[in-house]
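Participant: Residue numbers (the working numbering): 21 to 167.
No residue lacks a Cβ here, since even glycine has one placed at the ideal position from N, Cα and C.
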């Protein structure tokens, strides 16, 4: 099964806060069959201990080690917020990429995502696109290369 699909991508979203954005990204993972409901709280808890903002307008919220049992299958969700949401003081996230992965795959998924979005122009393109297929192709391709 694909790591990202149309079921786990939402374009043109709005979020009132980073916590709201994390909840939305977590719910996309849940509805996509990647995680059990309690995983979303784990994503919120992780953010309280360590920021998941990467830069270039991208944040990658994910659960904590104790939430691994709530991962059904590895997957990512993508919440595109064109107006952005303040993640850190003076920093807005336009792409919120929720991550669910088991212990063996977690680091690989994070590394692949970082590689795909480290390019500022590429991250901006994904943050502006109106085509979910572009997001699915770009972020899904990174994972397939690792498998």
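Tell me the start and end of each unbroken beta strand (DSSP E) in the stretch 55-91 that is at least 3 residues and wholly inside, in chain order.
Facilitator: Counting whole runs of 3 or more residues, the stretch 55-91 contains the beta strand (DSSP E) stretches 73-75.
Participant: Quick one: give me the first and last residue of the beta strand (DSSP E) that residue 146 is part of.
Facilitator: Counted from its first residue, the chain shown places residue 146 at position 126. Looking at the DSSP string, residue 146 is not in any beta strand (DSSP E); the run it does join, the alpha helix (DSSP H), is 140-148.
Participant: By DSSP's criteria, residue 112 is part of a beta bridge. Which residues make up the other side?
Facilitator: Numbered from 1 along the chain shown, position 92 holds the residue referred to as residue 112. DSSP lists 106 as partners of residue 112.
Participant: What does a CB cutoff of less than 7 Å around residue 105 pick up in its chain, not counting 5 residues either side in sequence?
Facilitator: The sequence position of residue 105 within the chain shown is 85, counting from 1. The residues are 35, 37, 38, 41, 112, 113.
Participant: Would you grab the beta carbon distance between residue 95 and residue 24 for me? Rounded to a whole angstrom, and I think it's under 8 Å.
Facilitator: As a position in the chain shown, residue 95 is number 75, starting the count at 1. As a position in the chain shown, residue 24 is number 4, starting the count at 1. Confirmed, Cβ separation roughly 7 Å.
Participant: Would you mind sorting residue 165 into buried or exposed? The rule is 16 or more other CB atoms within 10 Å of its CB.
Facilitator: Locating residue 165 in the chain shown gives position 145, counting from the first residue. Low local confidence applies: a pLDDT of 40 at residue 165 is under 50, so the model's placement there is unreliable, with the coordinate-based value given in what follows. By the neighbour-count rule (16 or more Cβ atoms within 10 Å), residue 165 is not buried but exposed.
Participant: Report buried or exposed for residue 102, applying the criterion of at least 16 other Cβ atoms within 10 angstroms of its Cβ.
Facilitator: Residue mapping note: residue 102 aligns to position 82 of the chain shown, counting from 1. Answer is exposed; the Cβ neighbour count stays below 16.
Participant: To the nearest angstrom, how far is the alpha carbon of residue 144 from that of residue 115?
Facilitator: Position 124 of the chain shown holds residue 144. Position 95 of the chain shown holds residue 115. Each residue's alpha carbon lies about 9 Å from the other.
Participant: If we count the other Cβ atoms within 10 Å of its Cβ and call it buried at 16 or more, is residue 45 buried or exposed?
Facilitator: Residue 45 sits at position 25 when you count from the first residue of the chain shown. Buried, by the Cβ-count rule.
Participant: Give the C-beta separation of residue 48 and residue 97 to the nearest angstrom, bearing in mind that I take them to be a contact with Cβ-Cβ under 8 Å.
Facilitator: Within the chain shown, the letter at position 28 stands for residue 48. Within the chain shown, the letter at position 77 stands for residue 97. Indeed, because the Cβ distance is near 4 Å, the residues count as touching under 8 Å.
Participant: Between which two residues does the alpha helix (DSSP H) containing residue 50 stretch?
Facilitator: In the chain shown, counting from the first residue as 1, residue 50 sits at position 30. Here the alpha helix (DSSP H) through residue 50 covers 38-51.
Participant: Considering only C-alpha positions, which residue in the set 73, 100, 83 is nearest to residue 62?
Facilitator: Locating residue 62 in the chain shown gives position 42, counting from the first residue. That would be 83, whose Cα lies nearest to the Cα of residue 62.
Participant: Under three-state DSSP, which class holds residue 98?
Facilitator: Taking the chain shown and counting its residues from 1, the one referred to as residue 98 is at position 78. Strand at residue 98.
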